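Colleague: Just so you know, we're using our numbering here: the sequence shown kicks off at 8 and counts up by one. Ideal Cβ placement from N, Cα and C applies to all residues, glycine included. Predicted model, so just to flag it, every value in this text is computed and none were measured. First the structure, then my questions, so here it is.
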Amino acid sequence: MNTSQRILKNFLSLTFANIFTNFLGVITVAYLARILGPGDFGKINFALAVVGYFAILSHFGLNTIGTREIACAKEKINDYVSNILILKLCLGTIAFILLCIFVLLINKPLEMKYLIILYGFTIFTANVLLFDWVFQGIEKMEYQGIALILQGICYLALILLIIKSSEQLLLIPPILVFAQMLSVIFLIAVFIKKFRIPKFGFNLTLWKILIKNAIPVGLIGIMSIIVFNTPIVLLGFFRPQQEVGYFAAAHKIVWMLIGLSTAFGAAIFPVLSYYHKTSFESFQKLCNHALKLMIILGIPTAVGITILAAHIINLVYGSKYTTSVIILQILIWNVLLVYISVTFIFILLAAGRERKVLRISIFNAGSIVIFNLILILKFGVIGAAITSVTAGLITLILYFHETKGIVDVAIRQYTFSSMIASFVMGLLLYYCLDYNLFVLIFTGGIVYLLCLYLFRGIEKKDIELLFGMTKIIK
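What follows is the structure in structure tokens.
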């Protein structure tokens with residue numbers, strides 16, 4: 008299997024898994040949002056956002072470093088797995104203890120404190136024990152995809168079976184933990200079958216190297232969590248829980264779409280890391296193909312959902328969440344910004360420029376916190392949405408500036424044709440809003456792709472790459 012086919016296989020594995028689990032996730036979220044109402048729906052999202060700050064401490068960049076090192080030295084996989092797992096167990100335990108201390112100190116109702124603690128167990132099931140980073144390193148991401156699907160099916164089934172009213176709010180976190188644990192067990196079983204049970208040991212020299220390399224990446228992760236979770240957390244502290252629910256409803260849709268860029272980044276990161284060390288020409292080609300794909304996906308997504316936001320919110324959440332429409336119309340532009348930014352981030356990480364990514368991440372997180380504190384108090388959820396997009400745009404510009412010092416990226420060339428095609432698609436959607444949502448999405452997608460091809464946004468070699476018919480990266 009050549010490089011382009013291998014990347015395609017991994018990307019499609021994770022993309023299919025993400026699309027399928029996102030479909031299940033939409034059903035799960037829609038069901039919970041309708042059963043719980045905006046107030047209680049806001050509570051579970053606030054609790055998850057709080058836990059997110061502590062969850063990142065449980066791996067602190069070790070997953071990314073482990074993926075990169077395994078991709079470059081697969082023969083050392085057992086050494087990396089055993090040492091990283093022990094490190095993560097230590098970090099995860101510390102993170103959970105810190106979370107419990109935080110819960111004791113905050114001024115929140117007892118029910119909210121229970122929610123946060125119960126969701127805190129996901130620190131272990133979604134971070135410490137999860138072996139997804141190993142399969143990314145060996146480029147066997149179909150197993151990660153199966154694990155995601157298994158978790159999604161189990162979570163949805165148990166939610167539909169057990170949760171019937173808002174009085175069962177505290178049962179939701181244990182259901183999630185159980186579903187995640189099935190995913191953990193599956194990946195561990197596959198790993199043992201392929202590589203045997205790792206011999207756990209303490210290689211202090213390796214620990215020092217791993218921790219030294221992971222610190223910048225871990226700090227980047229903390230900054231990312233601040234960026235994505237701060238609006239919900241600050242809304243939870245300063246605004247009514249209903250507003251948290253409205254924001255979370257739109258944020259969930261945006262987050263699911265952003266997951267596609269994460270899947271793509273996970274697919275190309277091991278290859279980017281390898282090519283940066285072995286072939287700069289191949290590295291540059293892959294960088295530009297990745298950027299082109301993210302732009303081609305991001306622009307029509309932002310344009311289309313801006314126009315169809317009212318249809319989408321009403322279908323997924325119902326009439327109680329009408330306030331979420333304007334929030335979604337603003338936040339959706341973060342999808343485009345993140346799609347491009349994530350590509351730049353993985354390029355910089357593959358090139359060993361963690362510290363540059365860290366500096367930009369710190370700036371982004373700081374601006375998010377400061378502007379959210381100002382705008383949330385004055386404008387509520389709308390202020391939070393505007394802050395997220397504004398900070399995302401500034402951050403994208405900074406990442407582009409750093410990336411162009413490593414590779415020659417043709418961002419303007421790829422953007423123009425996609426903008427024209429999206430404009431045509433947008434006009435069609437705007438003047439046909441009375442039609443069925445799914446008909447509009449399908450028709451809009453076809454029109455966009457046809458226009459993109461006519462305006463040479465997609466070339467023959469891109470279609471050939473998509474179907475794995477040729478080697479573009481040699």
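Please report the straight-line C-alpha distance between I427 and V376, rounded to a whole angstrom.
Modeller: Working through the sequence shown from its first residue, we reach residue 427 at position 420. Working through the sequence shown from its first residue, we reach residue 376 at position 369. For I427 and V376, the distance between alpha carbons rounds to 35 Å.
Colleague: Only counting runs of 4 or more residues, tell me where the alpha helix (DSSP H) segments fall wholly within the segment 223-289, in order along the chain.
Modeller: 248-285
Colleague: I'd like the list of long-range same chain contacts for D47, defined as Cβ closer than 6 Å, with 5 residues on each side in sequence excluded.
Modeller: Taking the sequence shown and counting its residues from 1, the one referred to as residue 47 is at position 40. Contacts found: S173 and L176.
Colleague: Quick one: what does DSSP say H408 is sitting in, helix, strand or coil?
Modeller: For the purposes of this step, residue 408 is identified with residue 401 of the sequence shown, where counting begins at 1. Here H408 sits in helix by DSSP.
Colleague: Is there contact here, the segment 95-112 with the segment 226-243, by at least three beta-carbon pairs under 8 Å?
Modeller: no
Colleague: Decide if K95 is buried, meaning its Cβ has at least 16 other Cβ atoms within 10 Å, or exposed.
Modeller: Position 88 of the sequence shown, counted from the first residue, corresponds to residue 95. By the 10 Å Cβ count, K95 comes out buried.
Colleague: Residues in its own chain within less than 8 Å of F131 by CB, not counting five upstream and five downstream?
Modeller: Here residue 131 corresponds to residue number 124 of the sequence shown, with the count starting at 1. Taken in chain order, the residues that qualify are S65, G99 and F103.
Colleague: Do V251 and F53 have their beta-carbon atoms positioned less than 8 Å apart in this structure?
Modeller: Within the sequence shown, the letter at position 46 stands for residue 53. Within the sequence shown, the letter at position 244 stands for residue 251. Yes, the Cβ-Cβ distance between F53 and V251 is below 8 Å.
Colleague: Should A270 go down as buried or exposed, given a rule of 16 or more other Cβ atoms within 10 Å for buried?
Modeller: Along the sequence shown, read from residue 1 onward, the residue named residue 270 stands at position 263. Buried: at least 16 other Cβ atoms inside 10 Å.
Colleague: Below 8 Å on the Cβ atoms is my contact criterion, and I expect A255 with L335 to pass it. Report the Cβ-Cβ distance as a whole number of Å.
Modeller: Here residue 255 refers to the residue found at position 248 of the sequence shown. Here residue 335 refers to the residue found at position 328 of the sequence shown. In fact, because the Cβ distance is near 11 Å, the residues do not count as touching under 8 Å.
Colleague: Have a look at C458, I166, L403 and I369 and flag the residue whose alpha-carbon is nearest the alpha-carbon of L226.
Modeller: The sequence position of residue 226 within the sequence shown is 219, counting from 1. The candidate whose alpha carbon is nearest that of L226 is I369.
Colleague: For L194, which of N220, L155 and V224 has the nearest alpha-carbon?
Modeller: In the sequence shown, residue 194 corresponds to position 187, counting from 1. Closest by alpha carbon: L155.
Colleague: I need the boundaries of the alpha helix (DSSP H) containing Y460, first residue and last residue.
Modeller: The sequence position of residue 460 within the sequence shown is 453, counting from 1. Segment L444 to L461, the alpha helix (DSSP H) holding Y460.
Colleague: Taking the beta carbon of G452 as the centre, do at least 16 other beta carbons fall within 10 Å, making it buried, or is it exposed?
Modeller: One-based indexing of the sequence shown puts residue 452 at position 445. Under this definition G452 is an exposed residue.
Colleague: Straight-line CA distance for H318 to I393?
Modeller: In the sequence shown, counting from the first residue as 1, residue 318 sits at position 311. In the sequence shown, counting from the first residue as 1, residue 393 sits at position 386. Rounded to whole angstroms, H318 to I393 spans 21 Å at the Cα level.
Colleague: Leaving out five residues before and five after K481 in sequence, what residues of the same chain have Cβ atoms less than 7 Å from its Cβ?
Modeller: Along the sequence shown, one-based indexing puts residue 481 at 474. Low confidence applies to K481: its pLDDT is 40, below 50, so where it sits in the model is not reliable, and the reading given next is rough at best. Closer than 7 Å at the Cβ level, and outside the excluded window around K481, lie S289.
Colleague: Between L338 and I367, which are expected to be in contact by the criterion C-beta below 8 Å, what is the C-beta distance as a whole number of angstroms?
Modeller: Stepping through the sequence shown from its first residue, residue 338 is reached at position 331. Stepping through the sequence shown from its first residue, residue 367 is reached at position 360. That pair is no contact at about 21 Å.
Colleague: Please classify P45 as buried or exposed, where buried requires at least 16 neighbouring CB atoms within 10 angstroms.
Modeller: Counted from its first residue, the sequence shown places residue 45 at position 38. That one is buried.
Colleague: Would you check if the distance between the CB atom of G144 and the CB atom of G228 is smaller than 8 Å?
Modeller: Residue 144 sits at position 137 when you count from the first residue of the sequence shown. Residue 228 sits at position 221 when you count from the first residue of the sequence shown. At the C-beta level, G144 and G228 stay beyond 8 Å of one another.
Colleague: Exposed or buried, K486, counting other C-beta atoms within 10 Å across all chains shown (16 or more means buried)?
Modeller: The shown model of the chain, from 8 to 481, leaves out residue 486, and the question about it has no answer.
Colleague: Beta-carbon within less than 8 Å of I465's beta-carbon, same chain only, minus the 5 sequence neighbours each way: which residues are those?
Modeller: Indexing the sequence shown from 1 puts residue 465 at position 458. Once the five neighbours on either side are set aside, the close Cβ partners of I465 are I303, L456 and L459.
Colleague: For I75, does the three-state DSSP call read helix, strand or coil?
Modeller: If you number the sequence shown from 1, residue 75 lands on position 68. In the sequence under discussion, the amino acid at residue 75 is Arg, which differs from the Ile named in the question. Residue state, collapsed to three classes: helix.
Colleague: Within its chain, find whatever has a CB closer than 6 Å to the CB of I123; leave out the 5 residues flanking it on each side and keep chain order.
Modeller: As a working mapping, residue 123 is identified with position 116 in the sequence shown. Hits under 6 Å: A54, V57 and V110.
Colleague: Kindly confirm or deny that the segment 305-322 and the segment 273-283 touch, where touching means at least three C-beta pairs closer than 8 Å.
Modeller: no
Colleague: Could you have a look at K292 and say whether DSSP puts it in helix, strand or coil?
Modeller: Your numbering for residue 292 matches position 285 in the sequence shown. Helix, per DSSP.
Colleague: Which residues in the same chain as S20 place their Cβ atom closer than 7 Å to its Cβ, once the five residues preceding and following it in sequence are excluded?
Modeller: Within the sequence shown, the letter at position 13 stands for residue 20. Counting only Cβ-Cβ distances below 7 Å, and skipping sequence neighbours, we find M148, E149 and G152.
Colleague: Here's the rule: buried if 16 or more other CB atoms are within 10 angstroms of the residue's CB, otherwise exposed. What is V364?
Modeller: Translated into the one-based positions of the sequence shown, residue 364 becomes position 357. V364 should be labelled buried.
Colleague: Terminal residues of the continuous alpha helix (DSSP H) containing E174?
Modeller: Counted from its first residue, the sequence shown places residue 174 at position 167. Careful: E174 lies outside any alpha helix (DSSP H) and carries neither H nor E.
Colleague: Please report how far the alpha carbon of L213 lies from the alpha carbon of I222, in whole angstroms.
Modeller: Taking the first residue of the sequence shown as position 1, residue 213 is located at position 206. Taking the first residue of the sequence shown as position 1, residue 222 is located at position 215. Between L213 and I222, the C-alpha separation is close to 14 Å.
Colleague: Could you tell me the distance, in whole angstroms, from the CA atom of R463 to the CA atom of S424?
Modeller: By one-based count along the sequence shown, residue 463 stands at place 456. By one-based count along the sequence shown, residue 424 stands at place 417. Here the alpha carbon of R463 sits roughly 7 Å from the alpha carbon of S424.
Colleague: Compare the beta carbon distance of F353 and F244 with 8 Å and say whether it is the shorter of the two.
Modeller: Stepping through the sequence shown from its first residue, residue 353 is reached at position 346. Stepping through the sequence shown from its first residue, residue 244 is reached at position 237. Not in contact: F353 and F244 (Cβ atoms no closer than 8 Å).
Colleague: Starting from R419, trace the alpha helix (DSSP H) both ways and give me its first and last residue.
Modeller: Position 412 of the sequence shown, counted from the start, is the residue given in the question as residue 419. From DSSP, the alpha helix (DSSP H) with R419 extends over I418 to Y437.
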